[in-house]
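What follows is a single structure, written as structure tokens, with notes after it.
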Amino acid sequence: MLTTFLLLPLAGVLMIAFLPKHREQDARVIALVVALLAFAVSLVAFAMFDRTAEGYQFVDRFEWIRASDVGFGVQYIVGVDGLSLPMIVLTGLLSVAAILVSFGVTLRTREYFIWLLVLETSVAGVFLSLDLIQFFLFWELELVPMYLLISIWGSGHKEYSAMKFLLYTIGGSALMLVGFLLLGLKAGTFEIAVLTEAPPTETLLPLAVIFWFIIGAFLVKLPVFPLHTWLPDAHTDAPTAVSVMLAGVLLKMGGYGILRIVLPIMPQQAQQFGMVLATLAGFSVIYGALITLRQRDLKRVVAYSSVSHMGYVLLGISALGAVGLNGAALQMFTHGTITGLLFIMVGLIYDRAHTRQIADLSGLMHRMPLIGTVLVITGFAALGLPGLSGFVAELTVFLGTLEVHPVATIAAVFGVVLGAGYILWTVQRVLAGPPNERWAHLTDADKWWEHTAMAGMLVAIVLVGVYPRILTDVVSGGIAPIAAILGGGS
Amino acid sequence: MNFGDANYLGPAITLFAGAGVVLGADVFTDRRAPARTLALLTILAAALCAVAQAMWGPTEVGYGGIIRSDAFSSFFTFLLLAITAAVLTASGGGLQRVAQAGEFYALVLVSTASMVVLAQAQELITIFVAIETTSVCQFILAGLARDDRSAEAGLKYLLTGAVSAAVLLYGFAFLFGLAGSTNLEDIATVIAGAPEGGRLAIIAAFVMVAAGLGFKMALVPFQAWVPDVYQGAPTPVTTFLSAASKAAGFAVTLRIFYTGLGGGDSFVATQWAMMFALFAAVSMTFGNLAAIQQTNVKRLLGYSSIAQAGNIAVGLAAVASGSTLGPSAVLFFLGTYAATNVGAFICVIVVSSRVGSDDLRDYAGLLKRSPGVALVLSLCLLSLTGIPPTAGFLAKLYVFNAAVQTGHVWMVALVIVGVLNTAISAFYYLRWARIMLLDEPREATTFMPSGTVGGLLTLAALAVLFFGVNPTPLIDIARRAAATLL
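Right, dumping it as structure tokens:
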């Protein structure tokens, strides 16, 4: 079943590749159909998922590189547990949304949708992989589509930003590979489940070094201050759909990697450096929020707010307890939906006004009430209003971390206040105020695909906000074994 | 020696004979096509001989112990024949500056034949003669075009080649003096029982041998000839050098250091592992840093080939440290590297024959001018960087894994240098891809490669993708070939 999820976008890629040139616009329909099918697969998996069972479900596996007798056995294993399943649903949902908001793309249409679908497969592959080498393969695979999507269909300094994104990621992941190889050498396998069962205790390099090799890649991706500088550039210059995917799922690969690989395999090192992680997290929250306050570009506001919000994920992780980890996993999902939708809204405004400068925008509520309303709701979700999904996640994070890292938590709570500040201030400047004559010609969201994308994302945000158990039940099942390892590790 | 021994050298003899026929035919006609057809037919015949040799031929040493015919030599015979066939097929567009086409084809065949012998040689004098024959052919090939750059390339290659041959021979003389035999297996026996006092001489001998062979493999610090020769030689010759000559260099290095030293058990194993580790680290770093600044694509690929040689040398160091993966890692890397690099160079041949330039800026907007070539070249560049799903990704993974497997911390340090170099190399490989895919073309004219060259490019691209997705068949072949080395 999960392999189907990975193959569906690739099937779409093949179909689009053989599409005749004069039917280029059909590419978007094909992309939408396969993305919807993949999303449906993820929902079926979500519905059929046994919330009481332990371990991975829907596992597909075969031996990919058959040389295990000499220490080079690499397997293809996909499977989900409570941690990865929400990420797969998120990937499915955001891919559909990203394709919907790209219906207006006219430049090199076929290529655009091909790369968007390749991106979906590679990101989903990261979340589904249960073998370190396979994980690394998908991790690197994501570079090519992202690079091309930003540098061809982006704006501004798109080539610079795309290259910066690429070099940060490759540089970050280079040492991760060394870490993986060292772990695999000791365990005789790269299978994550086996490594989690019996983590290597003595490796060639000290485990603390391997810990930083591996977590380094994830911290770049998350991103954490001071490794975050690629993110605002990439976001600002990326097309809307790519920003949605980048903020919505790509950043989660970092948090997911820490939860899936770093914590279970190296619990002692995680405890040893928990304080460092908490400090980095606190810095990211505050720094991200402060920088956001002084952004003039709407997209940069959302981008820097992501740095701040992903800080909560790391903060939740750094407490190394069940509650905090749950909060981190929830925050990854909710931030994915909320920030994804925020980027969609920014994209819709930009499509119409052709500017993202906050100072130029004013009184848009009069011109586009629908976009305005959704933006307000999403903004409230982002600042953690109860009843919307952001609240649940942030509260859980703080509950889990307050006792362990009081200083960082208090700093992060202060970050929430700042967050409320910059979101309300931004929304007010853009939507309220006197209607500007310059924007008199602007229309509201009027295409069906724009409505569908907004509605789908809003449903996810409200659903999790009103009925969090739909998510928390699944997530806590996935977090429990990790928390058990951490609890017994010291 | 009886006639049956001919089986040992079937492919090489066919190639030598074919070279004679090509030269002979050149007397009767000035046109190129017949020479090329004859040369390709020769390769086909040699390939058939190689198949016969691999399936029914002898597997032991022949000619009184100087030649082997085993899975290892078969691997390289097929690899070299495939590279040569690709180079000859694609050579049409790259030889405008070359007057004597018949000579070109004959020299390539002789050079290939000698490299096939080199992969089979089990004895120092045979190795030396084979190396010199192939090198002399390549000196002439590099200088074959009628312009100053090519002449300079040929001369530079000749001079550095002569020095390295002298060093190599000196090392061989040491080995002979120590062992009293030129046979690698005898040398291995003597080395295994060497008294403490004689060890320094053995190490000195192997350092000199490594220096001489480092020239063929294009490892730093024996790389000085590479940029000028790569840039100045006719592009088909550069292709040939970068893939075939390098593969043969690594083949003979594996043979000498593995058979001649008895694998990773020998007392000098650590020394030569460290030596190759040092070469590898310096080659990767130097090659990549220098490549960043290049604006001529052939020169860029020259520095890139130095860096890639460094990657393969990581595998050599792993071999020396007793990694069970090491030898097959080197073979796998060489196989995928040949497909990738030949693919990239054929693209360069196509572009330079149409655009008349090897300047990086003239690749701007290639996607709009010749989409197929731009895509294949981009794929090859991804593979050279080592990004999935290409074969280059697995090749690097394989070699690095072999190195880590040795269990030495300094080998892990070498791998760290390697992965950081991958990040550096991404910058210039992908910059090139970006120029082709994103920049605006300077001219609007479009062009297509000819049918056969187009087919060749498709084949290279498919190989790069196939081995990136399903590497096991090639890994199996590489492992079987490596197993016969012991």
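Residue numbers (the working numbering), protein chains in the order written: chain A, -14 to 475; chain B, 59 to 544.
Heads up, the beta-carbon is just placed ideally off N, CA and C, and yes, glycines get one too.
Could you check which residue in the options has the C-alpha nearest to that of residue i?
i, options, result
"V406 (chain B)", "B:A269, B:A461, B:A148 and B:V175", "B:A148"
"L104 (chain A)", "A:G(-3), A:V209 and A:Y153", "A:G(-3)"
"I343 (chain A)", "A:G357, A:V415, A:G296 and A:A405", "A:V415"
"V467 (chain B)", "B:A375, B:V340 and B:A291", "B:A375"
"A143 (chain B)", "B:L98, B:G251, B:E243 and B:A177", "B:L98"
"P429 (chain B)", "B:S411, B:L495 and B:V372", "B:L495"
"W283 (chain B)", "B:T218, B:L532, B:L73 and B:T510", "B:T218"
"L204 (chain A)", "A:I177, A:L370 and A:V247", "A:V247"
"V145 (chain B)", "B:A397, B:L226 and B:V473", "B:A397"
"T381 (chain A)", "A:M353, A:L326 and A:S461", "A:S461"
"L408 (chain A)", "A:V63, A:Q257, A:F196 and A:T277", "One point to set straight first is that residue 408 (chain A) is Ile, not Leu, in the sequence displayed. The residue with the shortest Cα to Cα distance from I408 (chain A) is A:T277."
"I264 (chain B)", "B:F280, B:W330, B:L437 and B:Q463", "The sequence shown places Phe at residue 264 (chain B), rather than the Ile named in the question. Selected option, being the one with the closest Cα: B:W330."
"G40 (chain A)", "A:D11, A:R13, A:L70 and A:R93", "A:L70"
"V412 (chain A)", "A:T457, A:R281, A:T437 and A:K432", "A:R281"
"P253 (chain B)", "B:A237, B:V267 and B:A268", "B:A237"
"F383 (chain A)", "A:F365, A:G406, A:L315 and A:A425", "A:L315"
For a quick check, are the C-beta atoms of residue i and residue j less than 8 angstroms apart?
i, j, result
"Q196 (chain B)", "L299 (chain B)", "yes"
"R537 (chain B)", "S386 (chain B)", "yes"
"A211 (chain B)", "A200 (chain B)", "yes"
"A223 (chain B)", "G270 (chain B)", "yes"
"A453 (chain B)", "F391 (chain B)", "yes"
"A460 (chain B)", "A159 (chain A)", "no"
"S169 (chain B)", "T184 (chain B)", "no"
"V400 (chain B)", "A276 (chain B)", "no"
"P499 (chain B)", "R427 (chain B)", "yes"
"M72 (chain A)", "Y297 (chain A)", "no"
"G404 (chain A)", "S290 (chain A)", "yes"
"V179 (chain A)", "L79 (chain A)", "no"
"G385 (chain A)", "G309 (chain A)", "yes"
"L138 (chain B)", "A305 (chain B)", "yes"
"Q42 (chain A)", "V65 (chain A)", "yes"
"P447 (chain B)", "L126 (chain A)", "yes"
"P453 (chain A)", "V377 (chain A)", "yes"
"A52 (chain A)", "I533 (chain B)", "yes"
"A422 (chain B)", "D497 (chain B)", "yes"
May I ask you to list the residues that DSSP assigns as paired with residue i?
i, result
"G120 (chain B)", "B:I125"
"F47 (chain A)", "A:Y61"
"S114 (chain A)", "A:V63"
"C179 (chain B)", "Looking at the sequence provided, one finds Ala at residue 179 (chain B) rather than Cys. Answer by DSSP bridge pairing, in chain order: B:I125."
"Q42 (chain A)", "A:V65"
"N241 (chain B)", "B:E181"
On the premise that residue j lies in contact with residue i, defined as a C-beta separation below 8 angstroms, what is that separation, rounded to the nearest angstrom?
i, j, result
"T322 (chain A)", "A226 (chain A)", "Their Cβ separation, rounded to whole angstroms, is 15 angstroms, which puts T322 (chain A) and A226 (chain A) out of contact at 8 angstroms."
"F165 (chain A)", "F175 (chain A)", "7 angstroms"
"I464 (chain A)", "G67 (chain A)", "7 angstroms"
"L22 (chain A)", "L(-7) (chain A)", "5 angstroms"
"L73 (chain B)", "T317 (chain B)", "Going by Cβ atoms, the distance from L73 (chain B) to T317 (chain B) rounds to 24 angstroms, so no, they are not a contact pair."
"T324 (chain A)", "V287 (chain A)", "6 angstroms"
"L227 (chain B)", "F186 (chain B)", "6 angstroms"
"D458 (chain A)", "M353 (chain A)", "About 38 angstroms separates the two Cβ atoms, so there is no contact after all."
"E182 (chain A)", "R95 (chain A)", "With 8 angstroms as the limit, E182 (chain A) and R95 (chain A) do not qualify as a contact, their Cβ atoms being about 46 angstroms apart."
"M251 (chain A)", "K206 (chain A)", "No, M251 (chain A) and K206 (chain A) are not in contact; Cβ-Cβ is about 18 angstroms, not under 8 angstroms."
Anything in chain A within Cβ reach of residue i, meaning under 8 angstroms, just list it in chain order.
i, result
"Y456 (chain B)", "F57"
"A484 (chain B)", "L151, L152 and I155"
"T382 (chain B)", "V55 and G56"
"F334 (chain B)", "Within 8 angstroms Cβ-Cβ: nothing; F334 (chain B) doesn't reach chain A, min ~19 angstroms."
"F451 (chain B)", "L122 and E125"
Show which residues of chain B have a CB atom less than 8 angstroms away from the CB atom of residue i.
i, result
"V163 (chain A)", "F458, V462, V470, V473, I474 and V477"
In chain A, what lies closer than 7 angstroms to residue i by C-beta?
i, result
"I445 (chain B)", "E125, L128 and V129"
Using a C-beta to C-beta distance shorter than 7 angstroms, which residues of chain B count as neighbours of residue i?
i, result
"L189 (chain A)", "G465, V467 and V470"
"E144 (chain A)", "R492 and L496"
"S136 (chain A)", "R492 and L496"
"A159 (chain A)", "V477, L478, T480 and A481"
Which residues in chain A sit within 9 angstroms of residue i, going by Cβ to Cβ distance?
i, result
"R537 (chain B)", "A52 and V55"
Sorry if obvious, but does the Cβ on residue i come closer than 7 angstroms to a heavy atom of the ligand ADP?
i, result
"M439 (chain A)", "The model depicted lacks the ligand ADP and carries no ligand whatsoever."
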